[in-house]
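These notes are about the structure you will find just below.
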Amino acid sequence: MPTNGNSLISLTLALFTVLSQIGFLYILWLWIFMLYIYEPVCLD
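One point on numbering: in the UniProt record's numbering, the residue at position 18 of the sequence shown is 18, and numbering is uninterrupted.
The following block contains the structure:
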């Protein structure tokens, strides 16, 4: 039973890490995209 609990915690932690990295990359891409779109507006 304890091994199953540890496995579940490990799996949840791994999933959280992956989602965290994906979320960070998504926000970073979105930020770059916004800069790319709004840069001409600011220069104009």
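Here a beta-carbon is modelled for each residue, glycine too, at the ideal position from N, C-alpha and C.
Computed from a predicted structure; not experimentally measured.
Using only the heavy atoms of the ligand NAD, determine whether one of them is closer than 6 Å to the beta carbon of residue 35.
Only the bare structure without any ligand can be found here, which leaves the ligand NAD out of the picture.
Rounded to whole angstroms, what's the CA-CA distance from residue 18 to residue 33? Just pull it up for me.
22 Å
Is the CB of residue 33 under 7 Å away from at least one CB in chain B?
The structure shown has no chain B; it contains just one protein chain.
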